[in-house]
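Novice: Here it is: the structure, laid out below.
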Amino acid sequence: MPTPSRIKALSVFLLVTACLTAGVLGAALERRVLLYTKNQVGKGLYVHDNIAASVAAIKKLGAENSFVVDVSDDPAVFTDQNLKRYKALVFDNTNNEILDTEEQKAALQRYLKAGGGFVGLHSASGSMRQWPWFWSVLGGKFVRHPKLQPFTIKVKDRQHLSTAHLPESFEWTDEFYFVDNMPEGLHVLLAGDLTKLNDPAKEKYPG
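Heads up: the sequence shown begins at 74 in this note's numbering, then just goes up one per residue.
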């Protein structure tokens, strides 16, 4: 018959095992995203001043929708082991060269090809301007934008989960981004209406 000391030891062992098991299961069930804010800094290179506000907004979304938001501007986070922790990567106003090494780029490619999620906000389309693969992920490469102004957005696909709640068109105020190098077969959900856009150079833009 087990002695009281052995029963106590077994109870402690089972408690620790239960805690570790709960921790592993909790980590597996936890929804976590990486919010990446790296910008190349230098003469003539633009860094948006709304990054802090956008980080706060996405953290608020995380708190309200039960997902954890990790924030970093360090390209060293792009390793296979680290990226496995995340359901999605959010490139928040990243701009110009934002990865330092070929291995970091390869880790990003492996993550996305394995099914990891990706969101690019605003100037993310101006990131990695010498890397065609990245343009294909973003849906194009940033060219320019006219002045901030209201314009009409047309909903091209109203069956998609992310657009089903929208009307056929709506007004929006923003910087209208022009991109080139758009990949073939791109599934466009929303499209800006150029007809009323105040942009003297819009007729020069192809497509």
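Virtual Cβ for every residue (Gly too), placed ideally from N, Cα, C.
Keeping to the same chain, check which residues put their C-beta closer than 6 Å to that of Y278; ignore five residues upstream and five downstream.
Specialist: Only F251 meet the Cβ criterion.
Novice: Given a cut-off of 9 Å on the beta-carbon distance, is the pair K157 and G190 in contact?
Specialist: Result no, Cβ atoms of K157 and G190 do not sit closer than 9 Å.
Novice: Quick one: what's got a C-beta closer than 6 Å to Y184's C-beta in the same chain, skipping five residues either side?
Specialist: The answer, listed in chain order, is L156.
Novice: Secondary structure at G265, three-state DSSP: helix, strand or coil?
Specialist: G265: strand per DSSP, three-state reduction.
Novice: According to the neighbour-count rule (16 or more other Cβ atoms, all chains shown, within 10 Å of its Cβ), is A180 buried or exposed?
Specialist: A180 is buried by the Cβ-count criterion.
Novice: In whole angstroms, what separates the C-alpha of S242 from that of T268?
Specialist: About 14 Å.
Novice: By a C-beta neighbour count over all protein chains shown, 10 Å radius and 16 as the cutoff for buried, is E276 buried or exposed?
Specialist: That one is exposed.
Novice: Only counting the same chain, and skipping five residues up and downstream in sequence, which positions put a Cβ closer than 8 Å to that of S235?
Specialist: L262, listed in sequence order.
Novice: For S209 and S139, what's the separation of their Cα atoms in angstroms?
Specialist: Approximately 30 Å between the Cα atoms of the pair.
Novice: Could you check what DSSP says for A197 in three-state terms: helix, strand or coil?
Specialist: Of the three classes helix, strand and coil, the one that applies to A197 here is helix, per DSSP.
Novice: Quick one: residues in its chain with C-beta nearer than 7 Å to the C-beta of D31, no 5 flanking neighbours on either side, listed in chain order?
Specialist: For residue 31 there is no data in the structure shown, the boundaries of the chain being 74 and 280.
Novice: In its own chain, which residues sit with a C-beta less than 8 Å from the C-beta of P223, not counting the 5 before and 5 after it?
Specialist: Counting only Cβ-Cβ distances below 8 Å, and skipping sequence neighbours, we find E244, W245, T246.
Novice: Looking only at its chain, what residues have a beta carbon closer than 8 Å to the beta carbon of S78, apart from the 5 residues adjacent to it on each side?
Specialist: Confidence at S78 is low in this model, with a pLDDT of 45, below 50, so the placement of that residue should be treated as unreliable; the coordinate-derived value is given next. So no residue of the chain qualifies.
Novice: Check each candidate in V192, E103, V163 and name the one with the smallest Cα separation from V144.
Specialist: Selected option, being the one with the closest Cα: V163.
Novice: My parser needs the beta strand (DSSP E) runs of 3 or more residues fully inside the region 156-244; what are they?
Specialist: Counting whole runs of 3 or more residues, the region 156-244 contains the beta strand (DSSP E) stretches 161-165, 190-194, 214-217, 222-228.
Novice: Would you kindly check if the distance between the Cβ of L194 and the Cβ of N169 is under 9 Å?
Specialist: Their beta carbons are not under 9 Å apart, which means N169 does not touch L194 by this criterion.
Novice: If you draw a straight line from the C-alpha of V142 to the C-alpha of S127, how long is it?
Specialist: Distance between the alpha carbons of V142 and S127: 12 Å.
Novice: Is DSSP giving V120 helix, strand or coil here?
Specialist: DSSP places V120 in coil when its eight states are reduced to three.
Novice: Nearest-angstrom Cα distance between Q203 and Q113?
Specialist: Approximately 13 Å, taken between the alpha carbons.
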